[in-house]
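Reading through the structure tokens given below for one structure.
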Amino acid sequence: MRNVELARCFRDLAAYLEMEDVPFKPRAYEKAALAIESYDRPLAEVYRDGGAKALRAIPGIGASMADKLEELIKTGKCALREQYHARMPVELATLTAIEGIGPKAVKVLYEKLAVRTVEDLEAAVRAGKVRSLPHFGERSEQKMLKALAFLRTTGGRQPLAVTLPIVEQIAAALARLPGVERVAVAGSVRRRKETIGDADLLVVARKGDAVVQAFVTLPQVERVLGQGRTKSSVKLAGGLQVDLRVVPAESFGAALCYFTGSKSHNVALRQLAIKQRLKLNEYGLFRGARRLAGRTEEEIYARLGLAYVPPELREDQGEIEAARSGALPQLIEPGALRGDLQTQTDWTDGADSMEAMAREAKRLGLEYIAITDHTQGLTMTGGSDETKLRKQMAEIDGLNARLGGIRVLRGAEVNIDKDGMLDIDDETLAALDVVGIAVHSHFDLPRAEMTRRIVRAMRNPNADILFHPTGRKIQKREAYDVDMDAIIATARETGTVLELDAYPDRLDLKDEHVRKAVQAGVPIVIDSDAHSVKHLAFPRQYGVDQARRGWATAADVLNTRPGDAFLAALKGGRQAAAGSRNRRARNRARTPRS
DNA sequence: GCCGTTTTCGGCCCGACTGTTTTCAGTCG
Numbered sequence: 015m016r017n018v019e020l021a022r023c024f025r026d027l028a029a030y031l032e033m034e035d036v037p038f039k040p041r042a043y044e045k046a047a048l049a050i051e052s053y054d055r056p057l058a059e060v061y062r063d064g065g066a067k068a069l070r071a072i073p074g075i076g077a078s079m080a081d082k083l084e085e086l087i088k089t090g091k092c093a094l095r096e097q098y099h100a101r102m103p104v105e106l107a108t109l110t111a112i113e114g115i116g117p118k119a120v121k122v123l124y125e126k127l128a129v130r131t132v133e134d135l136e137a138a139v140r141a142g143k144v145r146s147l148p149h150f151g152e153r154s155e156q157k158m159l160k161a162l163a164f165l166r167t168t169g170g171r172q173p174l175a176v177t178l179p180i181v182e183q184i185a186a187a188l189a190r191l192p193g194v195e196r197v198a199v200a201g202s203v204r205r206r207k208e209t210i211g212d213a214d215l216l217v218v219a220r221k222g223d224a225v226v227q228a229f230v231t232l233p234q235v236e237r238v239l240g241q242g243r244t245k246s247s248v249k250l251a252g253g254l255q256v257d258l259r260v261v262p263a264e265s266f267g268a269a270l271c272y273f274t275g276s277k278s279h280n281v282a283l284r285q286l287a288i289k290q291r292l293k294l295n296e297y298g299l300f301r302g303a304r305r306l307a308g309r310t311e312e313e314i315y316a317r318l319g320l321a322y323v324p325p326e327l328r329e330d331q332g333e334i335e336a337a338r339s340g341a342l343p344q345l346i347e348p349g350a351l352r353g354d355l356q357t358q359t360d361w362t363d364g365a366d367s368m369e370a371m372a373r374e375a376k377r378l379g380l381e382y383i384a385i386t387d388h389t390q391g392l393t394m395t396g397g398s399d400e401t402k403l404r405k406q407m408a409e410i411d412g413l414n415a416r417l418g419g420i421r422v423l424r425g426a427e428v429n430i431d432k433d434g435m436l437d438i439d440d441e442t443l444a445a446l447d448v449v450g451i452a453v454h455s456h457f458d459l460p461r462a463e464m465t466r467r468i469v470r471a472m473r474n475p476n477a478d479i480l481f482h483p484t485g486r487k488i489q490k491r492e493a494y495d496v497d498m499d500a501i502i503a504t505a506r507e508t509g510t511v512l513e514l515d516a517y518p519d520r521l522d523l524k525d526e527h528v529r530k531a532v533q534a535g536v537p538i539v540i541d542s543d544a545h546s547v548k549h550l551a552f553p554r555q556y557g558v559d560q561a562r563r564g565w566a567t568a569a570d571v572l573n574t575r576p577g578d579a580f581l582a583a584l585k586g587g588r589q590a591a592a593g594s595r596n597r598r599a600r601n602r603a604r605t606p607r608s
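According to our numbering, the residues represented by the first sequence are 15 to 608, in order.
Next comes the structure, spelled out in structure tokens:
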């Protein structure tokens with residue numbers, strides 16, 4: 015049983031307990047669910063290796079929950095949940111995912127109208143039955159219909175790259191309003207989560223209601239979900255929910271902190287405040303009625319005895335302890351990137367010429383760029399064979415002779431065949447400056463076979479970088495089933511670099527894998543996977559954010575180094591690109607059979 | 001049900017808004 019499923023069971027229990035008005039237990043189960051969900055190892059493994067005792071070592075898991083986890087892992091079921099479910103057989107997860115519906119509402123809907131599923135709910139609403147229930151009315155019915163429609167179309171979340179420009183546009187519109195002193199983007203957008211459920215904006219202004227009024231009448235707004243004097247929620251035409259909060263300047267830092275989250279980071283901060291006999295809310299940090307801090311986030315963290323925690327780390331994943339002990343990493347900054355190691359050109363499926371790509375990379379301030387067109391295994395792109403690759407290398411040499419201020423590296427995105435072999439011979443690979451390897455087919459292999467396949471390819475001494483290591487496309491395609499711990503261990507052992515592909519719908523590695531790689535001392539590179547000149551901006555726009563969420567410093571990211579140092583750090587420690595045809599000679603070897 | 005810089009009992013984050021309830025519960029962030 016996977017962690018998400020275990021967490022799901024605990025969330026169900028929390029909801030059932032909430033329905034019965036049981037005090038405190040619901041929060042305990044929810045907290046545990048969050049801990050389980052974000053735990054970086056399958057609990058089934060933790061249990062296998064360390065038994066119930068190891069489970070109890072997880073914060074939020076005590077004796078009772080460890081028992082339930084043990085039961086779930088062993089039998090796939092939890093008697094208590096089954097009991098509740100028998101009494102009230104409702105689809106809790108999907109029903110409570112609907113805006114405005116919580117456990118209490120689920121209970122009433124089931125008891126009065128026998129609503130068990132989202133479909134039941136929709137039918138009941140359309141029949142006008144819901145309005146007759148206590149605490150419900152016609153307006154609640156309308157809200158539910160809208161929420162149901164939204165859930166169907168988007169699944170409730172949108173990729174960051176879709177949301178970010180919209181949010182920045184709205185922030186700019188608010189900043190132009192009279193009386194607005196300051197606007198900040200908060201929430202998961204500020205934390206740069208890869209998908210966004212709703213966006214949060216914070217405004218400093220004296221008169222809140224005027225700002226709120228202007229906000230709800232912005233042209234992008236399709237529907238007003240709520241509107242008060244200092245707080246409002248709207249739904250945009252594209253389906254994105256945006257929440258606005260207006261605060262006075264002396265509360266800006268506290269509100270930004272509160273509104274940035276994550277929720278569990280906030281809870282941890284507030285608990286820390288309580289321990290110091292203080293109170294933290296969105297207006298400030300208080301001792302009694304006296305405000306000790308609130309104007310900036312920095313002073314709040316400082317007053318709590320913490321180093322400033324960058325928004326990308328605020329997930330309650332150890333950052334508070336690190337901030338207390340001065341162990342927070344110095345996160346990589348966008349400007350630190352000096353090179354791009356994955357780009358495609360019109361030699362295969364890219365839109366632009368090698369020269370155009372090189373010139374744009376230079377314009378962006380990069381020092382080097384690898385051209386990595388596809389290889390023959392990817393037939394539909396017109397992928398290169400050895401002959402075409404040799405021809406391209408010669409052209410790149412010419413390009414380097416012609417262009418100044420940018421170094422073009424000879425590379426390829428080499429296909430990993432089903433059995434883990436590469437589709438270009440070793441001699442040709444050895445002549446390249448940068449060899450990226452990637453899976454583009456047979457995505458559905460069983461976990462063990464997929465892992466073996468990739469590990470084998472990584473063991474090729476010419477394979478420098480594993481491109482988009484999990485193959486996922488955000489909200490389009492699941493990652494293939496691969497043991498990332500094994501991939502990271504192999505990377506460490508063989509010196510293969512892992513790529514963080516910054517193409518916005520990939521962001522592959524994802525944050526937790528970046529963190530694991532960093533912890534294991536495995537270097538990463540942040541690449542654009544550009545298929546046109548305009549894609550070359552992706553690493554600094556999105557890739558660095560993702561790396562920061564994985565606690566990466568500039569030192570963890572190999573393409574923050576100058577070209578020569580970068581090449582020297584690749585497998586085999588090669589030197590300069592030009593005139594180095596033999597630089598791999600000593601590495602030339604038969605692809606090992608594994 | 002969990003947990004401990006107010007420890008093994010007695011606490012548990014905090015506040016705004018909505019709807020329909022005329023005094024507040026539920027939900028959300």
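From the three backbone atoms N, C-alpha and C, an ideal C-beta is built for every residue, glycine too.
Residue burial classification, residue i (beta-carbon count within 10 angstroms, cutoff 16)
i	result
Ala516	buried
Ile288	exposed
Phe38	exposed
Tyr272	buried
His545	buried
Asp35	exposed
Gln356	buried
Gly379	exposed
Ala251	exposed
Thr389	buried
Arg461	exposed
Ala375	buried
Lys432	exposed
Rounded separation between residue i and residue j - CA only
i	j	result
Tyr61	Ser52	16 Å
Asp447	Lys490	33 Å
Lys118	Leu327	34 Å
Val139	Gln255	22 Å
Ala187	Lys530	40 Å
Glu335	Glu526	18 Å
Phe300	Ile314	10 Å
Arg602	Ala444	At Arg602 the pLDDT is 37, less than 50, meaning the model places this residue with poor confidence and gives no usable figure here.
Thr131	Lys293	41 Å
Leu345	Ile540	14 Å
Arg284	Ala471	48 Å
Gln172	Gly211	6 Å
Gly193	Ala426	55 Å
Tyr322	Ala268	13 Å
Ala307	Phe266	10 Å
Ala263	Val248	24 Å
Ala372	Val422	7 Å
Lys277	Glu329	8 Å
Leu514	Leu392	21 Å
Ala10	Gly535	The question about residue 10 has no answer, for the chain in this structure spans 15 to 608.
Leu318	Leu270	16 Å
Residue from the options whose Cα sits closest to the Cα of residue i
i	options	result
Leu178	Arg153, Lys160 and Arg205	Arg205
Gln612	Pro56, Val571 and Ala282	Residue coverage of the chain in this structure runs from 15 to 608, which leaves residue 612 outside it and unanswerable.
Ala28	Ala42, Asp330 and Ile87	Ala42
Asp578	Thr362, Gly114, Asp543 and Glu381	Glu381
Ala337	His279, Gly222, Ala370 and Ala375	His279
Glu347	Leu436, Arg563 and Asp134	Arg563
Leu159	Lys126, Gly114, Ala189 and Val197	Gly114
Arg520	Asp499, Gly142 and Tyr556	Tyr556
Secondary structure of residue i, DSSP reduced to three states
i	result
Arg598	Note that Arg598 scores a pLDDT of 46, beneath 50, so its modelled location is shaky; the value from the coordinates is reported in the next line. Three-state DSSP puts Arg598 in coil, outside helix and strand.
Thr574	helix
Ala591	Note that Ala591 has pLDDT 40, beneath the 50 cutoff, so the model's placement of it is unreliable and the number below is only indicative. It is coil, neither helix nor strand.
Phe300	strand
Asp134	helix
Gly365	Residue identity differs from the one stated: residue 365 is Ala in this sequence, not Gly. It is coil, neither helix nor strand.
Ile540	strand
Pro173	strand
Glu526	helix
Thr484	coil
Ala493	coil
Thr89	helix
Where in the stretch 322–386 do unbroken runs of the alpha helix (DSSP H), each at least 4 residues long, occur, reported from the N-terminal end onward?
-> 333–339 and 368–377
Please list the segments of the beta strand (DSSP E) lying wholly inside the stretch 391–435, counting only runs of 3 or more residues, in order along the chain.
-> 421–429
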